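Everything below concerns the one structure shown next.
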Amino acid sequence: MMLLHRTGHALETELTARLAEIGLTPRARCVLSTALDAGLTQIEIADRIGIDKTTMVVTLDALEAAGHAERQPSPTDRRARVVVVTGSGREIVAKADDLYREIVGSVLGSLPDDERDGLVKGLTRLMEGRLSTPMPCEKPPRKRALRHAVG
Numbered sequence: 001m002m003l004l005h006r007t008g009h010a011l012e013t014e015l016t017a018r019l020a021e022i023g024l025t026p027r028a029r030c031v032l033s034t035a036l037d038a039g040l041t042q043i044e045i046a047d048r049i050g051i052d053k054t055t056m057v058v059t060l061d062a063l064e065a066a067g068h069a070e071r072q073p074s075p076t077d078r079r080a081r082v083v084v085v086t087g088s089g090r091e092i093v094a095k096a097d098d099l100y101r102e103i104v105g106s107v108l109g110s111l112p113d114d115e116r117d118g119l120v121k122g123l124t125r126l127m128e129g130r131l132s133t134p135m136p137c138e139k140p141p142r143k144r145a146l147r148h149a150v151g
């Protein structure tokens with residue numbers, strides 16, 4: 001478990017540093033990527049990526065200030081706001097996706113093909129199978145909101 005934790009942390013740190021070069025955070029990338037052409041409300045995006053409402057508001061405030069996203073009234077619920085990615089938001093998501101592919105390609109490329117394929121398949125099987133339902137826990141470790149940022 002410690003190897004997975006340390007590996008994930010190192011990859012997350014590298015991704016965070018590289019995204020900062022283009023003025024984006026992993027969380028902001030995750031929000032923008034999830035919102036692309038999805039017609040989702042702020043709450044729906046927050047639920048999908050695992051962040052609380054307050055964090056979502058702060059993240060969207062920053063994305064709006066940067067011109068990457070807009071909140072628009074929902075056509076079906078006047079109380080809700082749909083997140084719309086702007087042209088500059090689409091451009092920065094494309095840059096972020098390129099950086100992501102470059103980093104993951106470099107990291108996984110350091111493994112022989114059979115080990116790389118086995119690692120990815122094994123982790124996928126665990127997350128879709130045995131680990132797909134979290135264990136009930138009174139004080140669980142803090143969950144990171146990067147499901148789409150690194151996947």
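Take the sequence shown: its position 105, counting from 1, is numbered 105 in the UniProt record's numbering, and each next residue is one higher.
All C-beta atoms in this analysis are idealised placements derived from N, C-alpha and C, irrespective of residue type, glycine included.
Since this is a predicted model, take the numbers as computed values, not measurements.
Indicate the three-state DSSP secondary structure (helix, strand or coil) for Arg78 in the structure shown. Working through the sequence shown from its first residue, we reach residue 78 at position 78. Note: Arg78 maps to coil in three-state DSSP.
Look at the alpha carbon of Glu21 and the alpha carbon of Val93, and state the distance between them as a whole number of angstroms. By 1-based counting over the sequence shown, the position of residue 21 is 21. By 1-based counting over the sequence shown, the position of residue 93 is 93. Computed Cα separation, rounded: 13 Å.
Are the region 8–18 and the region 94–107 touching by the rule of at least three beta carbon pairs closer than 8 Å? yes
Simplified DSSP state of Arg147, which is helix, strand or coil: Within the sequence shown, the letter at position 147 stands for residue 147. Residue placement at Arg147 cannot be trusted, given a pLDDT of 45 that sits under 50; the coordinates are not used to answer.
Tell me the rounded alpha-carbon separation between Leu126 and Arg71. The residue you call residue 126 lines up with position 126 of the sequence shown. The residue you call residue 71 lines up with position 71 of the sequence shown. Rounded to the nearest angstrom, the two C-alpha atoms are 36 Å apart.
Please state whether the Cβ-Cβ distance between Leu19 and Arg6 is less than 8 Å. Locating residue 19 in the sequence shown gives position 19, where the first residue counts as 1. Locating residue 6 in the sequence shown gives position 6, where the first residue counts as 1. It is not a contact, given that the beta carbons lie outside the stated cut-off.
Cβ contact (3+ pairs, closer than 8 Å) linking the region 27–42 and the region 81–99: yes
So what does DSSP say about Pro136, is it helix, strand or coil? Here the question's residue 136 lines up with position 136 in the sequence shown. Coil at Pro136, not helix or strand.
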